[in-house]
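All remarks here apply to the structure that follows.
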Amino acid sequence: MTEPESLHPPAVEPPRGRVATRALFLDRDGVINVDHGYVHRVEQFEFIEGIFDLIRAAGRLGYRVVVVTNQSGIARGYYTEHQFHALTDWMRAAFEREGGRIDAVYFSPFHPTKGIGPYRREDPSRKPGPGMILQAARELDLDLAGSLLVGDRLSDIQAAVAAGVGRALLLVRPPESAPADPPCPVIATPGDAIHWLS
Ligand SMILES: [Mg+2]
648 MTEPESLHPP AVEPPRGRVA TRALFLDRDG VINVDHGYVH RVEQFEFIEG
698 IFDLIRAAGR LGYRVVVVTN QSGIARGYYT EHQFHALTDW MRAAFEREGG
748 RIDAVYFSPF HPTKGIGPYR REDPSRKPGP GMILQAAREL DLDLAGSLLV
798 GDRLSDIQAA VAAGVGRALL LVRPPESAPA DPPCPVIATP GDAIHWLS
């Protein structure tokens, strides 16, 4: 005797509750803008070719775009948090004009030895620490394993690994200057990262 069909549970449970979102994590200096060193004014902010294409593609595919940036220039007293926020607002508006969107920006204003006053400290937010990425994951309900990070320094990649980001890419300009034994795939422009989105 065969059992009635209705006694068999469905093979796949439907998803319940919220489904975590994937993120594209971006370092700022050297990924979004040319790293001229302690960039804090609009006149110094030179977008890297391909970054608008990458952010538009990420948005189309449903990724949250999250900037995670060490800003030891604040710790060192070269510029203030207020100046950083003003430049960030300008940067986000520039992306919106180009049809892209940055969902969140996290920054670490600390430095363990060069910081002044309260900014002088070891802080888990400072890459290679995973603090900014983990905070973003909590606040934005992100699926880290399904996420991608693009950075231009090994400390970016180390932060991604420490946080459990599924894939990291090292942006090296020019590509000849790539480290001999990179810990992850190397790309030459931000636009190359589009192929790693899905
Ligand atoms: Mg950088």
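For the sequence shown, the residue numbers in our numbering are 648 to 845. For each residue, glycine too, the CB sits at the ideal point set by N, CA and C.
7 Å Cβ shell around residue i - same chain, five flanking residues per side excluded
| i | result |
| --- | --- |
| residue 843 | 795, 814, 816 |
| residue 731 | 687, 718, 721, 754 |
Inter-residue Cα distance where the pair is residue i and residue j
| i | j | result |
| --- | --- | --- |
| residue 674 | residue 700 | 16 Å |
| residue 725 | residue 671 | 29 Å |
| residue 792 | residue 811 | 6 Å |
| residue 692 | residue 784 | 28 Å |
| residue 775 | residue 829 | 16 Å |
| residue 746 | residue 705 | 11 Å |
| residue 656 | residue 684 | Since pLDDT at residue 656 reaches only 48, below the 50 mark, its modelled position is unreliable, and no value is offered. |
| residue 718 | residue 804 | 17 Å |
| residue 696 | residue 786 | 30 Å |
| residue 841 | residue 703 | 10 Å |
| residue 708 | residue 765 | 40 Å |
| residue 781 | residue 824 | 30 Å |
| residue 727 | residue 690 | 17 Å |
Residue environment, residue i, which counts as buried when at least 16 other CB atoms sit within 10 Å
| i | result |
| --- | --- |
| residue 736 | exposed |
| residue 677 | buried |
| residue 688 | exposed |
| residue 744 | exposed |
Residue i - DSSP class collapsed to helix/strand/coil
| i | result |
| --- | --- |
| residue 699 | helix |
| residue 825 | coil |
| residue 795 | strand |
| residue 739 | helix |
| residue 750 | coil |
| residue 694 | strand |
| residue 672 | strand |
| residue 689 | helix |
| residue 845 | coil |
Residue i vs residue j beta-carbon contact at 8 Å
| i | j | result |
| --- | --- | --- |
| residue 669 | residue 722 | no |
| residue 751 | residue 808 | no |
| residue 698 | residue 837 | yes |
| residue 749 | residue 742 | yes |
Sequence-distant residues of its chain with Cβ nearer than 6 Å to residue i (five each side left out)
| i | result |
| --- | --- |
| residue 769 | 759 |
| residue 818 | 678, 797, 799, 834 |
| residue 763 | 724 |
| residue 772 | 755, 778, 779 |
| residue 682 | 676 |
Closer than 7 Å: residue i CB and nearest ligand 3 heavy atom
| i | result |
| --- | --- |
| residue 798 | As far as ligands go, the structure on display features ligand 1 and does not contain ligand 3. |
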